[in-house]
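Scroll down for the structure; my scribbles are underneath it.
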Amino acid sequence: MDFKKQVVDTLIKVLPEEITEEQVTKLIEKPKTSDLGDYAFPTFILAKSLHKAPKMIAEELVGQLDTTGFEKVVNTGAYINFFLDKKAFSNAVIREVLTQKDNYGNADDGKGRNVPIDMSSPNIAKPMSMGHLRSTVIGNSIAKIITKLNYQPVKINHLGDWGTQFGKLIVGYKLWGSEEEVEADPINNLLKYYVRFHKEAEEKPELDDEARAWFKRMEDGDKEALALWTWFKELSLKEFQTIYDRLDVQFDHFTGESFYNDKMDAIVNTLEEKGLLEESRGAEIVDLSEYDLSPALIKKTDGATLYITRDLAAAKYRKDTFDFVKSLYVVGSEQAEHFTKLKIVLKKMGYDWADDIVYIPFGLITTGGKKLSTRKGNVILLDDVLNDAVNLAKKQIEEKNPNLKNKDAVAEAVGVGAVVFHDLKNDRRDSFDFNLEEVVRFEGETGPYVQYTNARALSILRKAGDVDYADATDVSVTDDEAWDTIKMLQNFPDVVERAAKEYEPSVIAKYVLKLAKSFNQYYAHSKILADDEGLKARLSLVKSVSTVLQMSLALLGVKAPEEM
RNA sequence: GUCACAGUGGCUCAGUUGGAUAGAGCAACGGUCUUCUAAACCGUAGGUCGUGGGUUCGAAUCUCACCUGUGACACCA
């Protein structure tokens, strides 16, 4: 059912010989609105060789075209506009969706190869903020999208579970904390010690020395230090898990920074062997001045390793373990330079697969135009946002549909769905200022709008009763009101492919909003459950729409309640 | 200061590879529930696409300069 090819084949017969099929395929575009046509061919490029005005060329070509198989072909200005045969097209598209079901849009680009995704990566003993939400939901959605193209995602939660901050935490806990307090509300209290540590350390710099000493003890394998660290880590993971459950996100590995502790020496040795390491100001670095970059700091003056050292080890480990085709890192855009350096150093080490490392940046979430900072206590807790969203959703249900069953479950799906969808709706590079009202919206271009559209579609299907969608011979719907919806359905596979290629969930989000809108327009203008010969075809369309709506929401990690 | 990213209606954003009168959603105003869920639909109003030059049949899109904003820039991650 390649309708574009039909257009190309028809065109190529009347075009000058020097124009190839490929060129034509590339030139074909889709008009902005359906009333202009379904496919269009711009004639501008012919103007030079034919020495005629594009408008005239279009006019002449239209006269020569064999228009069988099309509803009509007309020229509008310099464009040749093709109108597809609605009956054949809708029949083919709807049938395709109904038979493929959840496999609609699948492809085999990935051939089952591994693609590790570094995502979420919260810091132990710190609450998950809106920033972690972005990495989590973007990574999760990309994993689902590339799965449709038969890549095998490996979701890695690269926990921030090592570093000097644990020394600070231990100092803070020892000074101001107690076991009971921590057990009662682990992360909030640990955060409290951490924030207080930073405040007091401004006047008492000796606290920093103490913190460094405790971290040194951790690195040296000191029992007490490690016991506290393990305890903090376990408590944190438990709390993180409740959020991951709410978001319905699972990980394949929880290999944090500490996981690479015993893999650092090998990396440092290799760097040394390749003669890349030099000493500068007492630290060990890889010089990158030829790239106009500041050096990559491999070891601190005191011999401790740094961020990039660990990431080098992690990159190597992932290649060795997963033999990836691509290795993705869903990390905030402020770390762009880090990843540039990482790739350069790997390349210098002789690892060609450095080219397969893909950094997937996303924009910052700010409050009042300022960057969030855990240290300064300026955070937006993800858990709070989700709770607020769910409460608002519950209120909305009481207003709109008080007799709904499973109110709580639906409120959870709608509230969380609104937050997640909002985060994925726009280009991931856009940064935005946090605004609860903006994030938790239920009307317009929102997750709940799509969920609602699907719920209405399902409601129609329920009312229609048992229908066997497999046996219908003609499922064509030729209403003008349905045309945009049918074209959107046909577009889905291309959309999935583009989203995968660009690692951009917003492509799916934008698409599903448009599909929902076009279906709502159809819904508002046509009676679907009318008892006539077109009923089964219309129901098939509704069924197809709800299939694709649900699939799209699933690709974004948003739930689709049956009723709301 | 250097580098990176961004600047589209009051607000939040779309705008594949340059192409047909720059699209949505919120907010404003007006309309539509005895018929499939009004979290919906329809309409009105609102834009010299940061500024100035360049490339060409054609620029929101490419290029240069400038202005504005944000972020990164050696021992945090």
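With the working numbering applied, the first sequence corresponds to residues 12 to 575, in that order.
Think of the CB as a built atom: it goes at the ideal place given N, C-alpha and C, for glycine as much as any other residue.
As the structure is a computational prediction, the values presented were derived from the model and not from experiment.
TODO: Report the rounded CA-to-CA distance for residue 226 versus residue 342, giving the unit in angstroms.
DONE: 26 Å
TODO: Could you tell me the distance, in whole angstroms, from the CA atom of residue 40 to the CA atom of residue 364?
DONE: 36 Å
Task: Unbroken stretches of the beta strand (DSSP E), 3 residues or longer, contained in the stretch 216-298 - done: 288-291, 294-297
Open item on the list: Would you call the stretch 487-498 in contact with the stretch 45-61, where contact means no fewer than 3 C-beta pairs closer than 8 Å?
Closed with: yes
Open item on the list: Whole angstroms are fine: how far does the CA of residue 98 sit from the CA of residue 80?
Closed with: 10 Å
Task: Between the CA atoms of residue 58 and residue 19 - distance to the nearest angstrom - done: 19 Å
- [ ] Please report how far the alpha carbon of residue 485 lies from the alpha carbon of residue 163, in whole angstroms.
- [x] 37 Å
- [ ] Give the DSSP bridge partners of residue 81, in chain order.
- [x] 95
Open item on the list: Are the CB atoms of residue 563 and residue 461 within a distance shorter than 9 Å?
Closed with: yes
TODO: Figure out for me which residue from 118, 71, 56 has the closest Cα to the Cα of residue 29.
DONE: 56
Task: Cβ contact (3+ pairs, closer than 8 Å) linking the stretch 307-327 and the stretch 495-508 - done: no
TODO: Provide the residue span of the beta strand (DSSP E) that contains residue 130, from first to last.
DONE: 125-130
Task: Selected residue, minimal CA-CA separation from residue 339, among 352, 331, 349, 371 - done: 371
Task: CA-to-CA distance, residue 222 to residue 180, given in whole angstroms - done: 8 Å
Open item on the list: Excluding the 5 residues flanking residue 423 on each side, which residues of the same chain have their C-beta closer than 6 Å to its C-beta?
Closed with: 401
Open item on the list: Can you list, in chain order, the residues of its chain with a C-beta nearer than 7 Å to that of residue 152? Leave out the 5 residues immediately preceding and following it.
Closed with: 435, 516, 566, 567, 568
Open item on the list: Classify residue 261: buried if its beta carbon has 16 or more other beta carbons within 10 angstroms, exposed otherwise.
Closed with: exposed
TODO: Kindly confirm or deny that the stretch 309-324 and the stretch 343-357 touch, where touching means at least three C-beta pairs closer than 8 Å.
DONE: yes
- [ ] For residue 529, I'd like the list of residues in its chain whose CB is within less than 7 Å of its CB, leaving aside the five on either flank, ordered along the chain.
- [x] 495, 496, 499
- [ ] Report yes if the CB atom of residue 172 is closer than 9 Å to the CB atom of residue 134, and no otherwise.
- [x] yes
- [ ] State the CB to CB distance for the pair residue 263 and residue 167, rounded to an integer number of angstroms; the pair is presumed to be in contact (CB under 8 Å).
- [x] 7 Å
Task: Validate contact between the stretch 147-161 and the stretch 182-189 using beta carbons, cut 8 Å, 3 pairs - done: no
TODO: Enumerate, from N- to C-terminal direction, the unbroken alpha helix (DSSP H) stretches of 4 or more residues contained entirely within the stretch 25-54.
DONE: 32-38
- [ ] Leaving out five residues on either side along the sequence, give the residues of the same chain with a beta carbon under 7 Å from the beta carbon of residue 551.
- [x] 105, 109, 480, 483, 486
TODO: Would you mind reading off the limits of the alpha helix (DSSP H) that contains residue 142?
DONE: 141-159
- [ ] Look at the Cβ atom of residue 421, then the Cβ atom of residue 575, and state whether they are nearer than 9 Å.
- [x] yes
Open item on the list: So, with DSSP's three-state summary, where would you put residue 134?
Closed with: strand
Open item on the list: Any contact between the stretch 190-203 and the stretch 293-301? By contact I mean 3 or more CB pairs, one from each, below 8 Å.
Closed with: no
Open item on the list: Using a 10 Å radius around the Cβ and a threshold of 16 neighbouring Cβ atoms, would you call residue 292 buried or exposed?
Closed with: exposed
Open item on the list: The alpha helix (DSSP H) that contains residue 56, what's its start and end?
Closed with: Segment: none, residue 56 is in no alpha helix (DSSP H) and carries neither H nor E.
Task: Contact belief for residue 54 with residue 91 at Cβ below 8 Å, rounded distance in angstroms - done: 7 Å
Open item on the list: Going by C-alpha to C-alpha distance, which of 272, 270, 271, 295 sits closest to residue 282?
Closed with: 295
Open item on the list: With a threshold of 8 Å on Cβ separation, who are the neighbours of residue 369 within its own chain once the five nearest residues in sequence on each side are excluded?
Closed with: 337, 338, 339, 340, 514
TODO: Return the residue from the list 454, 354, 416, 437 that minimises the CA-CA distance to residue 403.
DONE: 454
Open item on the list: Taking its Cβ as the centre, do 16 or more other Cβ atoms sit within 10 Å of residue 473, making it buried, or is it exposed?
Closed with: exposed
TODO: Determine the direct distance from the alpha carbon of residue 280 to that of residue 310, and round the result to whole angstroms.
DONE: 12 Å
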